[in-house]
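**Student:** Right, I'll just put the structure down here and ask away after.
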């Protein structure tokens, strides 16, 4: 890791620690209590299966402090990254921006892979079968009808949108990590 990257990471850590002291942040219920009851790293950040959450170690009592990434960002640890990255800059675990854009451009016109052309009385009918992923795993698109504008919807808290051959829909974050082959990046 370059010296500049190390300096940036250390400055980020110091800013987070200062912010925690000013805000008097306390440990809240961790979504993975078994792995987050004790600090994983005394001087570094670590993630949670829920990419919206990350932890730092409270220097005073060595307990983890749960923090949230800003909206539109998720905690990523790997491929030279550590911290809350914009989802469209994640180097793994997501659709590419090009894939998401192509699906959105295809939209609800009945011409994309989310449709089923069926024949009823000899006439072709276009029906929308399933929602599709956005770049942000907290959200997904769904068509209210053929030729309509896609709706951007959010999964319930504690869930992320999965679109794989096995699963389509909002799944809990550990399932999302497994399905998206993202278990190594938090």
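Residue numbers (the numbering used here): 860 to 1045.
Don't be surprised by glycine CBs; every beta carbon is placed ideally from N, CA and C.
Values in this document were obtained by computation on a predicted structure and should not be read as measured data.
1) Quick check on residue 947: does DSSP put it in helix, strand or coil?
2) Would you call the CB atoms of residue 954 and residue 992 closer than 8 Å?
3) Give every residue of the same chain whose Cβ lies closer than 6 Å to the Cβ of residue 968, excluding the five residues on either side of it in the sequence, and list them in chain order.
4) Within 10 angstroms of the Cβ of residue 908, are there 16 or more other Cβ atoms? Answer buried if so, exposed if not.
5) Report the option in 947, 897 and 1022 whose CA atom is closest to the CA atom of residue 919.
6) Using only alpha-carbon positions, find the residue among 965, 952, 1024 and 1029 that is nearest to residue 1041.
7) Per DSSP, residue 932 is paired with what?
8) Go ahead and label residue 921 buried or exposed: buried means 16 or more other beta carbons lie within 10 angstroms of its beta carbon, across all protein chains shown.
9) Which two residues bound the contiguous beta strand (DSSP E) that contains residue 923?
10) Is the region 935-948 touching the region 1007-1019 in the sense that three or more CB pairs, one from each, lie closer than 8 Å?
11) What's the C-alpha gap between residue 995 and residue 916?
**Tutor:** Let's see:
1) helix
2) Yes. Within cutoff.
3) 1006
4) Result: buried.
5) 897
6) 952
7) 945
8) exposed
9) 923-927
10) no
11) 27 Å
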